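Down below is the structure, laid out as structure tokens.
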Amino acid sequence: MPTTLAWSDEYSVNNAAIDEQHKYLFDLCNTLYKLVEQTETGESVKQALLGLQDYIEIHFNAEEKLYKEHPMFADHQELHQDFVKQTNGYIADYNNGTLRLIELADFTRDWLVNHITVIDGQYFRDIAKSE
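If you count by our numbering, then the sequence shown holds residues 94 to 224, one letter each, in order.
The following block contains the structure:
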């Protein structure tokens, strides 16, 4: 079985709304892993990928509103844009049959964990210091 994501306090950025959104992103990623294990997944995968794309946009918009005054805002926004571009590319490759779903799930998992623990964590610590 692939490695799924389980929420723990180490992922918290100490903002309840953002933590809830991050938990939901973990759930979306875990859905991809569940679909990897199933044989009949066509429509389910399509719905999961659309859900991931839609929610990423919602989450990034919410997050960026919270720290748009941060001096490194443009850099963080660029990381979000790169992730969207990479994710869309992976989804296109999957839809074209040139990428396995497990590769997309692994990419999403690894990016989310790294981004939340390293980048988001620092941004929210900086915001807390400035308040």
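The beta-carbon is built from N, C-alpha and C at its ideal position, and this holds for glycine as well. Source: prediction; values computed, not measured.
- Taking 8 Å as the cut-off, the Cβ atoms of Tyr117 and Tyr148 count as close.
- A residue is called buried once 16 or more other Cβ atoms fall within 10 Å of its Cβ, and Val106 is buried on that count.
- When Cβ pairs closer than 8 Å are counted between the two stretches, the region 128–139 is seen not to touch the region 207–216, the count staying below three.
- The three-state reading of DSSP puts Glu224 in coil, since its state is none of H, G, I, E or B.
- Here DSSP, grouped into helix, strand and coil, assigns Asn154 to helix.
- Exclusion of the five residues before and after Phe217 leaves Val106, Asn107 and Asn108 as the residues of its chain whose Cβ lies within less than 7 Å of its Cβ.
- Across the structure, Asp175 and Asp213 are spaced so that their CA atoms are roughly 15 Å apart.
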